[in-house]
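Novice: Just passing along the structure, written as structure tokens.
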Amino acid sequence: MAFRNYILVCGGTACESSRSQQIFDNLKLEAEKQGVADEVQIVQTGCFGFCEQGPIVKILPEDSFYVKVAPEDAHELIAEHIIKGREVKRLLYDKEKAAKHAQVEDIKFYQKQFRIVLRNCGFIDPENINEYIARDGYAALEKALFEMTPEDIIEQLKIAGLRGRGGAGFPTWMKWNFSKNVESDIKYVVCNADEGDPGAYMDRSTLEGDPHSVLEAMTICGKAIGAHQGFIYIRAEYPLAIHRLEVAMAQSKELGLLGKDILGSGFDFDIEIRLGAGAFVCGEETALLQSIMGHRGMPVPRPPFPAVKGLWEKPTVINNVETWANIPVIIHKGGEWFSKIGDEDSHGTKVFALTGKICNSGLVEVPMGTTLREIVYDIGGGIAHGKKFKAVQTGGPSGGVITSENLDTPIDFGSLVKIGSMMGSGGMIVMDEDDCMVDVAKFYLNFTVDESCGKCMPCRIGGKTMLGILEKITDGKGTMKDLDTLTEIANTMRKASLCALGQTSPNPVMSTMKFFRDEYIAHIVDKKCPAGKCKKLISYVIDPAKCKGCTACARKCPVSCISGSLKQPHTIDQTKCIKCGTCIQTCKFGAISIQ
Amino acid sequence: MAKISLEELRKLREQKQDALQKRDLAGKDSQIIVGMGTCGIAAGAKTVLDEFLKVLDEEKIENVAVTQTGCMGLCYVEPTVEVIVPGMPATIYGKVDAAVAREIVKSHVIGKKLVTDHIYDRPSVDIMKA
């Protein structure tokens, strides 16, 4: 049955929260009403990655890319585009190009991207296994089950040079090889879907958009190491991803692509979902395994590594969602093909969740070795509201900042470590001149202090003490000696903490201290916050020359600290002011400034 | 017992690939664009579009995308259809009905020969008649 048009509606969490479900329903309804229901296929897909412009609707074969679509637009899209063949110009992404076509290839956001992990996101219906199969889905599994030995599979991963995408970048083939070589009656395969970095949502989108890629990869791993049981550990706060996984697993089981005697090969493999409660530390592999076993999510010392002794003391391969999603493609196309993508240090691609003060926030997948400048300016469209670029934070609470001097650093595992940051799982938060770096460091440290499990002392007490010092500095009570104390505690935490959470949590502080030492000094010596963020160090002041005495600010002030009579310059009582910024937004004459 | 065999999976993939490929312009080098402004629709462009899809399906032609556009400005010879096939001049046909649509597929798309009686704009009518 051929359809003449295909409407792809984004069903990722970001678009769904802006009513994409209703758009989908309305389009179906309108197609029915206008009598084209059997000529048009309407599909709900995974995330397109261009979340800034969501909800996204794409119509094929014209490849029209509609952005910021509202449920009310459904009538027009069907009546104009489908029936009359006229694109609805006001909803097209690139309105100047509307005369021609706003095709996906024309959009700069997609031009520099290379999609392996997100190959199916935004194209297939994630709740329909047939569409995955049609895009070469389960072809890698066929190969692995019938044509390859476990050694062959691991050899292909070795040739590909795939390194773990969860942050540390450990070679995947080595992990698998360790587990394969351990004699054991039972082995396990685990997918780490406990994505917890603030601002990161790559794994969620992959699972929502292409759940079968992870199921297929885990089954391949089962064959390679001799395991018959897999677990997906995912946080309960990802309901859509869980739902799509459940649907995918049910469909796979029905076709016999999961379960007993897969495709008649005699190989059995099954997968279960385990829900996490959303503790950041459970993304650490040993804590995650503890949680799966029903214990408190706390890390345990390594070695032994999980690959040798993991779940219930049995060899366990644990990989991150993005790593898994790469594997079917590597097996299908061969390790050699994969090894040619990227640069010398790191092969393949990396998915980043681009957020913060950037024009096009969203999901991007680029070949390794792409520079940060390309990501921020070419793909991301530069800094929002014409402000000045200050830094990019990568690696979440374990990473560091990259400044404008290092914008041309290629993004790969080695280069990022060299400049004092790390790849991390892929969160990329862009900061502009309005961001105070001491405040940013405080934000991340606050997060890790909250999420510390408390098992080991360096992390539990070190983090809290460092946070106390940062608060002192942003309150204007810091001394220069505090900077030395921060460094000293950081070094201890790095050396003595039990797991990566504690070892890396001082990174945001150390990295901002290294690159933005002047800002720390401004807080300590001049008692000023150059970005105007730290409330204790700023005051709102009315310029009497510009103030017209309109009383607008005085009426809006929530604590009534602005006084003055009509048509006379007003003043702010600094002892009562809570620095909420309402007056600045209210003033029409630009008379209020931060000092 | 396996529920689906290797052969069945491969067959299923082939089948579904077909359906999915029709969604994408990638891999298609030819285009049939039907003018579907109000005038075109009133003159029967809808039937023409349906016929194109039907014939392409019958002939199992995979490299042609059937799309639609607004009014081409040749309202006096609606329905109009633009056909773009590699190695052939881009051609605009007018007064197309279901029968002509069928002929366009058979002679223009498959036989690489223009359907001269129905050329109205591109390539220039004078050149064609000369």
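Residue numbers (this note's numbering), protein chains in the order written: chain A, 17 to 611; chain B, 17 to 146. Don't be surprised by glycine CBs; every beta carbon is placed ideally from N, CA and C. Note that the structure is a prediction, hence the values are computed from the model and not measured.
Use the C-beta contact count for A:Asp210: other C-beta atoms within 10 angstroms, 16 or more gives buried, fewer gives exposed.
Specialist: Answer is buried; the Cβ neighbour count reaches 16.
Novice: Does any CB atom of chain A fall closer than 8 Å to the CB of B:Ser123?
Specialist: No, B:Ser123 does not count as interfacial toward chain A.
Novice: Can you give, in chain order, each stretch of the alpha helix (DSSP H) that sits fully within the region 250-323 of chain A and has at least 4 residues?
Specialist: Within the region 250-323 of chain A, the complete alpha helix (DSSP H) runs of at least 4 residues are 255-271, 301-308.
Novice: Within 7 Å: the Cβ of A:Pro187 and any heavy atom of the ligand ADP?
Specialist: This structure does not include the ligand ADP; it has no bound ligands of any sort.
Novice: For A:Gly430, which option in A:Cys593, A:Thr29, A:Gly358, A:Lys493 has the closest C-alpha, if you only look at C-alpha atoms?
Specialist: Of the listed residues, the one whose Cα sits closest to A:Gly430 is A:Gly358.
Novice: DSSP on B:Cys123, reduced to helix/strand/coil?
Specialist: Note that residue 123 of chain B corresponds to Ser in the displayed sequence, not to Cys. Three-state result, B:Ser123: helix.
Novice: Within 8 Å of any Cβ in chain B, is that where the Cβ of A:Arg20 sits?
Specialist: At least one chain B Cβ lies under 8 Å of A:Arg20.
Novice: Could you name the residues of the same chain whose beta carbon sits closer than 8 Å to that of A:Ile170, not counting the 5 residues immediately before and after it, in chain order?
Specialist: Answer for A:Ile170: Trp189, Trp192, Asn193, Lys196, Ala240, listed in chain order.
Novice: Please list, in chain order, the chain E residues whose beta carbon lies closer than 9 Å to that of A:Phe162.
Specialist: Annotation note: the requested chain E is absent from the structure, which comprises protein chains A and B.
Novice: Please list the terminal residues of the continuous alpha helix (DSSP H) segment that includes A:Gly478.
Specialist: First-last of the alpha helix (DSSP H) with A:Gly478: 473-490.
Novice: Please determine if the region 220-227 of chain A and the region 250-267 of chain A are in contact, where contact requires at least 3 C-beta pairs separated by less than 8 Å.
Specialist: Touching, per the Cβ criterion.
Novice: Answer yes or no: does any C-beta atom of chain A fall closer than 8 Å to that of B:Gly60?
Specialist: It does not; no Cβ of chain A falls within 8 Å.
Novice: Taking only the alpha-carbon atoms, compute the straight-line gap between B:Gln84 and A:Ala293 and give it to the nearest angstrom.
Specialist: The alpha-carbon atoms of B:Gln84 and A:Ala293 are separated by roughly 50 Å.
Novice: Quick check: the Cα distance between A:Asp450 and A:Arg151, rounded to an integer number of angstroms?
Specialist: Those two C-alpha atoms are separated by around 45 Å.
Novice: Cβ atoms of A:Thr365 and A:Met384: under 8 Å apart, would you say?
Specialist: Yes, Cβ-Cβ distance for A:Met384 and A:Thr365 is below 8 Å.
Novice: Can you tell me where the alpha helix (DSSP H) holding A:Ser221 begins and where it ends?
Specialist: Per DSSP, A:Ser221 belongs to the alpha helix (DSSP H) from 218-225.
Novice: Counting only runs of 4+ residues fully inside the region 375-458 of chain A, write out the alpha helix (DSSP H) ranges in chain order.
Specialist: The region 375-458 of chain A contains these whole alpha helix (DSSP H) runs: 429-434.
Novice: On a CA-only basis, which of A:Val557, A:Ile347, A:Pro227, A:Val367 is nearest A:Tyr126? Give me that one, please.
Specialist: Of A:Val557, A:Ile347, A:Pro227, A:Val367, the residue nearest in Cα terms is A:Val367.
Novice: Using a Cβ-Cβ cut-off of 6 Å (strictly less than) and excluding sequence neighbours within five positions of B:Glu67, which residues of its own chain qualify?
Specialist: Taken in chain order, the residues that qualify are Ala114, Ala117.
Novice: Taking 8 Å as the threshold (beta carbon to beta carbon), is B:Ala106 in contact with chain A?
Specialist: Judged by the 8 Å Cβ criterion, B:Ala106 is not in contact with chain A.
Novice: Going by DSSP in three states, A:Gly372 sits in which element: helix, strand or coil?
Specialist: DSSP places A:Gly372 in strand when its eight states are reduced to three.
Novice: Is the region 128-144 of chain A close to the region 388-397 of chain A, with three or more CB pairs under 8 Å?
Specialist: The region 128-144 of chain A vs the region 388-397 of chain A: in contact.
Novice: If you follow the beta strand (DSSP E) that A:Tyr148 is in, where does it begin and where does it stop?
Specialist: Taken as a continuous stretch (DSSP letters only), A:Tyr148 belongs to no beta strand (DSSP E), being part of the alpha helix (DSSP H) at 145-150.
Novice: Give a yes or no on whether the C-beta atoms belonging to B:Gly51 and B:Met88 are separated by under 8 Å.
Specialist: In this structure, B:Met88 lies closer than 8 Å to B:Gly51 by Cβ.
Novice: How is the alpha helix (DSSP H) around B:Tyr109 delimited, first residue to last?
Specialist: It is not in any alpha helix (DSSP H) - B:Tyr109 instead sits in the beta strand (DSSP E) that spans 107-109.
Novice: Whole-angstrom Cβ separation of A:Ile578 and A:Ile588, contact assumed at under 8 Å?
Specialist: Right, their Cβ atoms sit about 5 Å apart.
Novice: Can you name the residues of chain A whose CB is closer than 9 Å to the CB of B:Leu36?
Specialist: What B:Leu36 touches in chain A: Phe139, Ile140, Asn146, Glu147, Ala150, Arg151.
Novice: Could you give the uninterrupted runs of the alpha helix (DSSP H) lying entirely in the region 487-549 of chain A, keeping only those of 4 residues or more?
Specialist: Here the runs fully enclosed are 496-512, 516-520, 523-531, 533-537.
Novice: Using only the alpha-carbon positions, how far apart do A:Lys613 and B:Ile49 sit?
Specialist: Since the displayed chain A opens at 17 and closes at 611, residue 613 of chain A lies outside it and no answer follows.
Novice: Would you call A:Met496 buried or exposed, if buried means 16 or more other Cβ atoms sit within 10 Å of its Cβ?
Specialist: It is exposed - the Cβ of A:Met496 has fewer than 16 other Cβ atoms within 10 Å.
Novice: Counting along the chain, where does the beta strand (DSSP E) carrying A:Gly364 start and finish?
Specialist: Counting along the chain, A:Gly364 falls outside any beta strand (DSSP E), and DSSP gives it neither H nor E.
Novice: Does chain A have any CB closer than 8 Å to the CB of B:Arg118?
Specialist: False, the Cβ-Cβ gap to chain A never drops below 8 Å.
Novice: Output needed for B:Asp45: all residues of its chain with C-beta closer than 7 Å, excluding positions within five of it in sequence on either side, in chain order.
Specialist: Once the five neighbours on either side are set aside, the close Cβ partners of B:Asp45 are Asn79, Pro102.
Novice: Taking the beta strand (DSSP E) that A:Phe139 falls in, what are its first and last residues?
Specialist: First-last for A:Phe139: undefined, no H or E at that position.
Novice: In the DSSP assignment, find the beta strand (DSSP E) that holds B:Glu98 and state where it starts and stops.
Specialist: Segment 97-100, the beta strand (DSSP E) holding B:Glu98.
Novice: B:Gly53 versus chain A: which residues are under 7 Å apart at the beta carbon?
Specialist: Ordered by position in chain A, the residues that pass the 7 Å Cβ test against B:Gly53 are Lys100.
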